[in-house]
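Take the position in the sequence shown, starting the count at 1, then add 299; the result is the number in the numbering used here. Note that CB positions come from ideal geometry on N, CA and C, so glycine has one too. What follows is a single structure, written as structure tokens, with notes after it.
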Amino acid sequence: MRYTLCALILFLAAMTALPSAPALAANPAQVAKIHGGIVDCVGCDLSGADLTNTCVKEHNLTGANFDGANATLMCMSFANFTNATFRGTNLYAANLAGAKMDGADMTGASTTITSFLGTDLRRVKGLTQKQLDAACGNDKTLLPPGLKVHTCK
Numbered sequence: 300m301r302y303t304l305c306a307l308i309l310f311l312a313a314m315t316a317l318p319s320a321p322a323l324a325a326n327p328a329q330v331a332k333i334h335g336g337i338v339d340c341v342g343c344d345l346s347g348a349d350l351t352n353t354c355v356k357e358h359n360l361t362g363a364n365f366d367g368a369n370a371t372l373m374c375m376s377f378a379n380f381t382n383a384t385f386r387g388t389n390l391y392a393a394n395l396a397g398a399k400m401d402g403a404d405m406t407g408a409s410t411t412i413t414s415f416l417g418t419d420l421r422r423v424k425g426l427t428q429k430q431l432d433a434a435c436g437n438d439k440t441l442l443p444p445g446l447k448v449h450t451c452k
């Protein structure tokens, strides 16, 4: 009887447990494309990928999904991120100088020491003052009304 009661308790605990969040799973071939330097990757699924210290400078990543990715120290300058999504992405010290960001979603992205030099952020979704306080830009950085950015030094 003791074992039956324990089994019942374990069964009930399992049945009432909160579901875990779905794991982000990038497309391995598309991640390899980025790591290999072949970086025109329209609509790529890079969600949850480790893209640390990679470079997509001046390439087309329109509509790419970077959700939850680690883009630490990533060179992303002058790339096209139109309608890309960066929800929860770690952009620590990433270089987004001059990047095309129209319609990109930055909701919950970490932007510590991220460079937005000369980047037009006026049509970026989910961008907050807190994110800009951790980042930097210059007098050519264009922002949504009411937001400001520190000057990069």
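Spatial neighbours of residue i within its chain, please: C-beta separation below 8 Å, excluding the five flanking residues on both sides.
{"i": "PRO321", "result": "Caution is warranted here: a pLDDT of 39 is assigned to PRO321, below 50, making its placement in the model unreliable, and the coordinate value is therefore given only provisionally. None."}
{"i": "ALA433", "result": "SER409, THR410, THR411, ILE412 and THR413"}
{"i": "ASP366", "result": "LEU323, SER346, GLY347, THR384, PHE385, ARG386, GLY387 and THR388"}
Residue i to residue j, Cα distance in whole Å?
{"i": "LEU416", "j": "PHE377", "result": "10 Å"}
{"i": "THR384", "j": "THR450", "result": "25 Å"}
{"i": "ALA396", "j": "ASN379", "result": "11 Å"}
{"i": "LEU446", "j": "LEU426", "result": "9 Å"}
{"i": "LEU345", "j": "ASP401", "result": "19 Å"}
{"i": "CYS374", "j": "ALA392", "result": "9 Å"}
{"i": "LEU317", "j": "ALA370", "result": "Confidence is the limiting factor: at LEU317 the pLDDT is only 32, short of 50, which leaves the residue's position unreliable, though a coordinate-based value still follows. Distance between the alpha carbons of LEU317 and ALA370 is about 30 Å."}
{"i": "CYS435", "j": "ASP419", "result": "13 Å"}
{"i": "LYS422", "j": "ASN437", "result": "One detail in the question is off: residue 422 reads as Arg in this sequence, not Lys. About 18 Å."}
{"i": "THR381", "j": "LYS424", "result": "11 Å"}
{"i": "PRO444", "j": "LYS452", "result": "24 Å"}
{"i": "LYS439", "j": "GLY336", "result": "29 Å"}
Identify the continuous alpha helix (DSSP H) that holds residue i and give its terminal residues.
{"i": "LEU431", "result": "428-433"}
{"i": "PRO443", "result": "Segment: none, PRO443 is in no alpha helix (DSSP H) and carries neither H nor E."}
{"i": "HIS334", "result": "327-334"}
Comparing alpha-carbon positions, which option in the options lies nearest residue i?
{"i": "GLN430", "options": "LYS439, ASP404, PRO327 and ALA328", "result": "ASP404"}
{"i": "ARG386", "options": "THR406, GLY335 and LEU446", "result": "THR406"}
{"i": "ALA348", "options": "ASN382, GLY336, ASN389 and THR381", "result": "ASN389"}
{"i": "ALA398", "options": "LEU441, THR371 and GLY367", "result": "LEU441"}
{"i": "LEU372", "options": "THR381, ASN394, ASP366 and PHE365", "result": "ASN394"}
Identify, in the order they occur along the chain, each residue of the same chain with its Cβ nearer than 6 Å to the Cβ of residue i, setting aside the five sequence neighbours on each side.
{"i": "VAL338", "result": "VAL355 and HIS358"}
{"i": "ASN352", "result": "LEU372"}
{"i": "CYS343", "result": "GLN329 and ALA363"}
By Cβ distance, which residues of its chain are closer than 7 Å to residue i, with the 5 residues on each side in sequence left out?
{"i": "CYS340", "result": "GLN329, LYS332, ILE333, LEU360 and ALA363"}
Check whether the Cβ of residue i lies closer than 8 Å to any Cβ atom in chain B.
{"i": "CYS354", "result": "The structure shown has no chain B; it contains just one protein chain."}
Would the beta-carbon of residue i be found less than 7 Å away from any heavy atom of the ligand COA?
{"i": "ASP366", "result": "Among the ligands in the structure shown, none appear at all, so the ligand COA cannot be discussed."}
Look up residue i in the DSSP assignment and give the residues it is bridged to.
{"i": "THR384", "result": "ASN364 and ASP404"}
{"i": "ASN359", "result": "ASN379"}
{"i": "THR413", "result": "Paired residue(s): none; THR413 is not in a bridge."}
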